[in-house]
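Numbering (the working numbering), first residue to last: 36 to 326. Beta carbons: idealized from backbone N, C-alpha and C, even for Gly. These numbers come from a predicted model, not from an experiment. Written out below as structure tokens is the structure these notes cover.
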Ligand SMILES: [Fe+2]
């Protein structure tokens, strides 16, 4: 039980907690402080049965920082009620691309701080969201590997990650670039492979599907190195997959955790809402960007 009345139950893995006896539409100052501390300590907070409206979700997310963008649908169900299910549909491609482990917006000049994600419509099976603890992954490495990784930097690009799995959108903008959020960054963002979390002070791996071309390595060698590192980092003992119920809300720390979508039958509708919390440019700006 928190001092302010909510109940917190750790997931029993190295991160994550379920919080009940709380209404996220009405958070007072002391409760916000306690939630913020829990967010930094556990990395992932799960709030069952909240049924937030979009503006309520955004208001809750703003408790943790400015927004990179307000509640956006992650859905195979269009505004017009059309179900997107074909493999060559750009909506489907974007959803499938998220199945690779990643931190959000590492391909943008400022990496995201976190996100609030809620479930409105869920399929009858599948569609869980996975989370993986990159702090625990770093701490599990031997000291020599920790030092080696601390000296490496890689580029992050959405174009790279989607091209690699053959899921670039077909639609292009007037300059011939793929259409969609994240494709308009002309210079891939350079980031360290190990980054100290600005609030906890603990080192985290910063890797995932958008990372490529480690400086000083041959591209093929870099790709294999990062594939191996991603696989090791996301070992089962550092991973939790959340199987959604309608009305669930989660808040995660994108500086510490990676996440992934998992498949479901695209002939069934699914609509999630994602509010992205902006990173602090003082700590989350890419090494080669000016903001
Ligand atoms: Fe994501």
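Our contact map puts residue i next to residue j with C-beta atoms below 8 Å; I'd like the distance itself, whole angstroms only.
i           : j           : result
residue 216 : residue 194 : Between residue 194 and residue 216 the Cβ distance is about 12 Å, and since that is not below 8 Å, they are no contact.
residue 309 : residue 150 : 6 Å
residue 83  : residue 55  : 7 Å
residue 133 : residue 296 : 4 Å
residue 166 : residue 292 : 5 Å
residue 109 : residue 307 : 4 Å
residue 312 : residue 95  : Wrong, their Cβ atoms sit about 10 Å apart, outside the cutoff.
residue 169 : residue 224 : No, residue 169 and residue 224 are not in contact; Cβ-Cβ is about 17 Å, not under 8 Å.
residue 322 : residue 226 : 6 Å
What residue range is occupied by the uninterrupted alpha helix (DSSP H) comprising residue i?
i           : result
residue 231 : Element bounds for residue 231: not the alpha helix (DSSP H) but the beta strand (DSSP E), 229–231.
residue 77  : 64–77
residue 171 : 169–174
residue 163 : Taken as a continuous stretch (DSSP letters only), residue 163 belongs to no alpha helix (DSSP H), as it is neither H nor E.
residue 234 : Element bounds for residue 234: n/a, residue is neither H nor E.
residue 183 : 178–185
residue 222 : Run containing residue 222: none; DSSP gives neither H nor E here.
residue 317 : 316–319
Let me check understanding here. Comparing Cα to Cα, which of the options lies closest to residue i?
i           : options               : result
residue 180 : 291, 158, 125 and 268 : 268
residue 161 : 325, 278, 208 and 282 : 278
residue 374 : 298, 72, 105 and 46   : With the chain represented from 36 up to 326, any question about residue 374 goes unanswered, as that position is not in the structure.
residue 152 : 286, 294 and 324      : 286
residue 231 : 317, 196 and 190      : 317
residue 234 : 307, 289 and 220      : 289
residue 188 : 236, 240 and 200      : 240
residue 60  : 70, 78, 48 and 85     : 85
residue 73  : 92, 58, 87 and 53     : 53
residue 91  : 110, 112 and 62       : 62
residue 280 : 57, 157, 137 and 97   : 157
residue 328 : 319, 294 and 301      : The first residue shown for the chain is 36 and the last is 326, placing residue 328 beyond what the model contains.
residue 200 : 135, 246 and 247      : 135
residue 197 : 88, 185 and 212       : 212
residue 126 : 223, 214, 137 and 155 : 214
residue 337 : 222, 305, 249 and 221 : What is shown of the chain runs 36 to 326, which leaves residue 337 out entirely.
residue 283 : 75, 44, 42 and 81     : 81
residue 121 : 130, 247 and 210      : 130
residue 154 : 97, 272, 304 and 174  : 304
residue 314 : 244, 253, 255 and 138 : 138
residue 141 : 323, 210, 119 and 191 : 191
residue 245 : 238, 178, 257 and 185 : 257
residue 298 : 42, 164 and 114       : 164
residue 242 : 221, 76 and 173       : 173
residue 176 : 87, 238 and 77        : 238
The beta strand (DSSP E) spanning residue i covers which residue range?
i           : result
residue 190 : 188–191
residue 240 : 238–240
residue 206 : Per DSSP, residue 206 belongs to no beta strand (DSSP E) and is neither H nor E.
residue 43  : 42–45
residue 54  : 52–55
Is the shortest distance between the beta-carbon of residue i and the beta-carbons of chain B less than 8 Å?
i           : result
residue 308 : Structure shown: chain B not included; a single protein chain is present.
Compute the minimum distance between the beta carbon of residue i and the heavy atoms of ligand 3, and state whether it is under 7 Å.
i           : result
residue 239 : No copy of ligand 3 occurs in the structure displayed; its ligands are ligand 1 alone.
Practice item. Quick one: which unbroken alpha helix (DSSP H) runs of 4-plus residues sit fully inside the stretch 250–314? Chain order, please. Key: You should have 254–268.
Unbroken stretches of the alpha helix (DSSP H), 4 residues or longer, contained in the stretch 79–155: Counting only runs of at least 4 residues, the stretch 79–155 fully encloses the following alpha helix (DSSP H) elements, listed from N- to C-terminal order: 89–97 and 125–132.
At least three beta-carbon pairs within less than 8 Å, the stretch 259–266 to the stretch 196–215 = The stretch 259–266 makes no contact with the stretch 196–215: fewer than 3 CB pairs, one atom from each, lie closer than 8 Å.
With three or more beta-carbon pairs closer than 8 Å as the criterion, would you say the stretch 137–150 touches the stretch 94–112? Yes, the stretch 137–150 is in contact with the stretch 94–112.
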